[in-house]
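Engineer: Before I ask anything, here is the structure I am working with.
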Ligand SMILES: [Zn+2]
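Residue numbers (our numbering): 1 to 464.
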């Protein structure tokens with residue numbers, strides 16, 4: 001049995017309902033849970049045999065929950081951010097005019113771990129990973145020590161991509177294969193690592209899934225008792241495609257198919273009507289707002305409207321980046337600009353979306369906030385930094401001014417995943433080097449094989 005750990009002489013942002021912040025405080029962690037919170041002297045006296053960690057000059061925050069990402073998509077970093085689909089017809093489909101280069105499963109695993117490194121370094125303790133064939137890197141991700149909800153994707157539209165109007169060519173075998181992958185991943189990974197790893201399921205998007213498949217996935221969700229995810233009202237091409245194929249708007253389409261529920265995490269929700277927002281809110285669905293990619297695409301979810309309608313607001317990174325510190329600030333910036341309001345949302349609200357709401361949406365009500373008995377998923381933020389000094393209102397300070405590099409340590413289930421800025425579960429130098437080599441070679445091969453493709457300005461794929 002490992003000794004309790006006490007982080008002492010520090011500031012604790014509990015994330016509780018009252019927004020309590022404890023000063024001159026300590027957190028005791030035992031058997032993966034928060035054992036005690038309180039004044040340093042009191043907590044130290046209760047656990048005389050504890051391992052003591054001096055956290056002076058730091059603040060303890062709940063860890064971030066990233067409720068929508070695709071870790072290996074770091075492959076398209078620096079390329080896809082500038083190639084978003086158009087907001088008006090003609091819609092050609094896909095999220096970028098360049099195809100993603102083909103890579104081997106082994107290479108995909110390295111890129112997923114690169115994404116995980118960035119996630120951990122920005123204080124992420126919980127990740128909802130969505131994708132196809134997650135079994136390729138699921139075990140490697142589990143070994144990173146991060147809490148996971150792995151949502152394997154199903155779809156049954158063939159010869160088309162997301163956001164592409166035109167006929168819905170249904171391929172039953174494609175849908176079957178997705179359902180089979182979901183079941184297989186569930187059997188293999190659900191409850192792994194002492195329950196730290198769970199699986200869910202995902203319908204790719206409304207324009208990629210038939211009503212029959214959506215109904216099937218909804219039943220499977222109930223049978224397995226898991227969270228579901230979907231890309232919803234992501235781009236205007238998707239809206240056009242669903243209107244053409246089904247004669248309704250995407251959220252109404254999912255509602256008719258019975259796919260909306262309070263255990264659904266709908267990613268994006270930005271190209272939608274107020275009526276759709278009300279429909280989604282009435283189902284008490286969670287929304288994974290992905291503000292950093294949304295801003296890059298020139299789009300924004302109406303976060304306040306979605307929240308008022310009844311949706312639980314959570315935050316994700318989506319593609320090409322895994323920095324939840326940036327995401328938390330970006331949603332606040334975007335929403336203040338959109339609302340023409342220099343006070344709302346508050347940094348406290350943004351932090352709740354990024355932490356506790358994400359945990360709740362993924363079915364982990366005792367995580368994402370710090371209270372005795374809750375899961376010990378927390379981060380240690382270094383406040384002794386020029387851009388954070390003076391740290392007078394610690395939540396506002398970190399949300400407005402913080403950087404991923406301010407995160408000093410990360411704990412999940414009471415275990416250190418990063419300690420004093422060293423990620424303990426991954427060989428960072430080797431992964432960074434290997435990922436650079438893989439990406440250069442993959443993009444180099446693509447442009448060599450497809451000289452018709454337009455090379456983005458400044459592109460260099462020469463080996464290093
Ligand atoms: Zn996505």
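Quick reminder that beta carbons are idealized off the backbone N, C-alpha and C, glycines included.
Can residue 484 and residue 224 be called in contact, C-beta distance under 8 Å?
Structural biologist: The question about residue 484 has no answer here: the residues shown for the chain are numbered 1 through 464.
Engineer: I'd like the list of long-range same chain contacts for residue 66, defined as Cβ closer than 6 Å, with 5 residues on each side in sequence excluded.
Structural biologist: If you number the chain shown from 1, residue 66 lands on position 66. Counting only Cβ-Cβ distances below 6 Å, and skipping sequence neighbours, we find 124, 127, 316, 317, 324.
Engineer: If you measure from the CB of residue 238, is any heavy atom of ligand 1 nearer than 7 Å?
Structural biologist: Taking the chain shown and counting its residues from 1, the one referred to as residue 238 is at position 238. Residue 238 Cβ: outside cutoff for every heavy atom of ligand 1.
Engineer: Taking the alpha-carbon positions, what's the residue 253 to residue 206 distance?
Structural biologist: The residue labelled residue 253 in the question sits at position 253 within the chain shown. The residue labelled residue 206 in the question sits at position 206 within the chain shown. The straight-line gap from Cα to Cα measures roughly 7 Å.
Engineer: Using a threshold of 7 Å, is the CB atom of residue 50 nearer than that to any non-hydrogen atom of ligand 1?
Structural biologist: Numbered from 1 along the chain shown, position 50 holds the residue referred to as residue 50. Checking every heavy atom of ligand 1 against the Cβ of residue 50, none is found closer than 7 Å.
Engineer: Given 7 Å as the limit, tell me if residue 65 has its C-beta closer than that to any heavy atom belonging to ligand 3.
Structural biologist: This structure simply doesn't include ligand 3; it includes ligand 1 instead.
Engineer: Considering only residues of the segment 83-168, which uninterrupted alpha helix (DSSP H) runs meet the minimum length of 4 residues and lie entirely inside it, listed in chain order?
Structural biologist: Runs found: 105-121, 138-142.
Engineer: Per DSSP, what are the beta-bridge partners of residue 200 in this structure?
Structural biologist: Stepping through the chain shown from its first residue, residue 200 is reached at position 200. In the DSSP output, where bridge partners are listed per residue, residue 200 has 151.
Engineer: Entirely within the segment 370-433 and at least 4 residues each: give me those alpha helix (DSSP H) ranges in chain order.
Structural biologist: Counting only runs of 4 or more, we get 394-401.
Engineer: For residue 387, verify whether its CB is less than 7 Å away from any heavy atom of ligand 1.
Structural biologist: As a working note, residue 387 is residue 387 in the chain shown. Incorrect: residue 387 has no Cβ contact closer than 7 Å to ligand 1.
Engineer: According to DSSP, is residue 62 part of a helix, a strand, or is it coil?
Structural biologist: One-based indexing of the chain shown puts residue 62 at position 62. Correct three-state label for residue 62: strand.
Engineer: Report the residue from 406, 72, 266 whose alpha carbon sits nearest the alpha carbon of residue 362.
Structural biologist: Taking the first residue of the chain shown as position 1, residue 362 is located at position 362. For the residues 406, 72, 266, the minimum Cα distance to residue 362 belongs to 266.
Engineer: By the 10 Å Cβ neighbour count, where 16 or more other Cβ atoms means buried, how is residue 104 classified, buried or exposed?
Structural biologist: Along the chain shown, one-based indexing puts residue 104 at 104. When all chains shown are included, residue 104 counts as exposed.
Engineer: Rounded to whole angstroms, how far is the Cβ of residue 370 from the Cβ of residue 15, which I believe are closer than 8 Å?
Structural biologist: Within the chain shown, the letter at position 370 stands for residue 370. Within the chain shown, the letter at position 15 stands for residue 15. Contact holds; Cβ gap of about 6 Å.
Engineer: Indicate the three-state DSSP secondary structure (helix, strand or coil) for residue 186 in the structure shown.
Structural biologist: For the purposes of this step, residue 186 is identified with residue 186 of the chain shown, where counting begins at 1. In the structure shown, residue 186 sits in a helix (DSSP, three-state: H, G or I).
Engineer: Buried or exposed for residue 4, going by 16 or more other Cβ atoms inside 10 Å?
Structural biologist: To locate residue 4, count along the chain shown from 1; it is residue 4. Residue 4 is buried by the Cβ-count criterion.
Engineer: Excluding the 5 residues flanking residue 329 on each side, which residues of the same chain have their C-beta closer than 7 Å to its C-beta?
Structural biologist: Taking the first residue of the chain shown as 1, we reach residue 329 at position 329. Hits under 7 Å: 399, 400.
Engineer: Heavy atom of ligand 1 less than 7 Å from the Cβ of residue 81, yes or no?
Structural biologist: Position 81 of the chain shown, counted from the start, is the residue given in the question as residue 81. Answer for residue 81: no, Cβ out of range of ligand 1.
Engineer: For residue 349, verify whether its CB is less than 7 Å away from any heavy atom of ligand 1.
Structural biologist: Counting from 1 along the chain shown, the entry for residue 349 is found at position 349. No, the beta carbon of residue 349 sits no closer than 7 Å to any heavy atom of ligand 1.
Engineer: Tell me the DSSP bridge mates of residue 230?
Structural biologist: Here residue 230 refers to the residue found at position 230 when the chain shown is read from its first residue. Paired residue(s): 203, 266.
Engineer: Compare the C-alpha of residue 264 against each of 212, 203, 414 and name the closest.
Structural biologist: Taking the chain shown and counting its residues from 1, one reaches residue 264 at position 264. Of 212, 203, 414, the residue nearest in Cα terms is 203.
Engineer: By the three-class DSSP mapping on this structure, what secondary structure does residue 170 have?
Structural biologist: For the purposes of this step, residue 170 is taken as residue 170 along the chain shown, with counting starting at 1. Residue 170: strand per DSSP, three-state reduction.
Engineer: Taking only the alpha-carbon atoms, compute the straight-line gap between residue 375 and residue 226 and give it to the nearest angstrom.
Structural biologist: On the chain shown, residue 375 is found 375 positions in, with the first residue counted as 1. On the chain shown, residue 226 is found 226 positions in, with the first residue counted as 1. For residue 375 and residue 226, the distance between alpha carbons rounds to 20 Å.
Engineer: Between the alpha carbons of residue 75 and residue 88, how many angstroms are there, rounded?
Structural biologist: Counting from one through the chain shown, the residue named residue 75 turns up at place 75. Counting from one through the chain shown, the residue named residue 88 turns up at place 88. The straight-line gap from Cα to Cα measures roughly 27 Å.
Engineer: In the structure shown, what three-state DSSP assignment does residue 51 receive?
Structural biologist: Here residue 51 is taken as the residue at index 51 of the chain shown, counted from 1. In this structure, residue 51 counts as strand in the three-state DSSP scheme.
Engineer: Could you check whether the Cβ of residue 318 sits closer than 7 Å to any heavy atom belonging to ligand 1?
Structural biologist: The sequence position of residue 318 within the chain shown is 318, counting from 1. Yes, the beta carbon of residue 318 sits closer than 7 Å to at least one heavy atom of ligand 1.
Engineer: Since residue 305 is in the alpha helix (DSSP H), which residue starts that stretch and which ends it?
Structural biologist: As a first step, residue 305 is located in the chain shown; it is residue number 305 there, counting from the start. Counting along the chain, the alpha helix (DSSP H) containing residue 305 begins and ends at 303-309.
Engineer: If you reduce the DSSP assignment to three classes, tell me which class residue 7 lands in.
Structural biologist: Your numbering for residue 7 matches position 7 in the chain shown. It is a strand residue.
Engineer: Using 8 Å as the threshold, is the C-beta distance between residue 350 and residue 378 below it?
Structural biologist: Against the chain shown, residue 350 aligns to sequence position 350. Against the chain shown, residue 378 aligns to sequence position 378. Cβ distance not < 8 Å, so residue 350 and residue 378 don't count as in contact.
Engineer: Taking the alpha carbon of residue 108 as the point to measure from, which residue in 176, 439, 56, 382 has its own alpha carbon closest?
Structural biologist: Here residue 108 refers to the residue found at position 108 when the chain shown is read from its first residue. Considering only alpha carbons, the answer is 439.
Engineer: Looking at ligand 1, does it come within less than 7 Å of residue 70, judged from the CB to the closest heavy atom?
Structural biologist: Position 70 of the chain shown, counted from the start, is the residue given in the question as residue 70. Because some heavy atom of ligand 1 lies under 7 Å away, the Cβ of residue 70 counts as near it: yes.
Engineer: Going by alpha carbons, who is nearest to residue 55 out of 382, 445, 90, 36?
Structural biologist: Within the chain shown, the letter at position 55 stands for residue 55. Ranking 382, 445, 90, 36 by Cα distance to residue 55 puts 382 first.
Engineer: Count the C-beta pairs between the segment 126-145 and the segment 187-203 that are closer than 8 Å, then say yes if the count reaches three, no if not.
Structural biologist: Touching, per the Cβ criterion.
Engineer: For ligand 1, I want to know if residue 130 counts as a neighbour, meaning its beta carbon is within less than 7 Å of at least one of the ligand's heavy atoms.
Structural biologist: Walking along the chain shown from the start, residue 130 turns up at place 130. For ligand 1, at least one heavy atom lies less than 7 Å from the Cβ of residue 130.
Engineer: Between the alpha carbons of residue 251 and residue 355, how many angstroms are there, rounded?
Structural biologist: In the chain shown, residue 251 corresponds to position 251, counting from 1. In the chain shown, residue 355 corresponds to position 355, counting from 1. Roughly 26 Å between the two C-alpha positions.
Engineer: Which value, in whole angstroms, describes the spacing of the CA atoms of residue 83 and residue 96?
Structural biologist: Translated into positions along the chain shown, residue 83 becomes position 83. Translated into positions along the chain shown, residue 96 becomes position 96. For residue 83 and residue 96, the distance between alpha carbons rounds to 5 Å.
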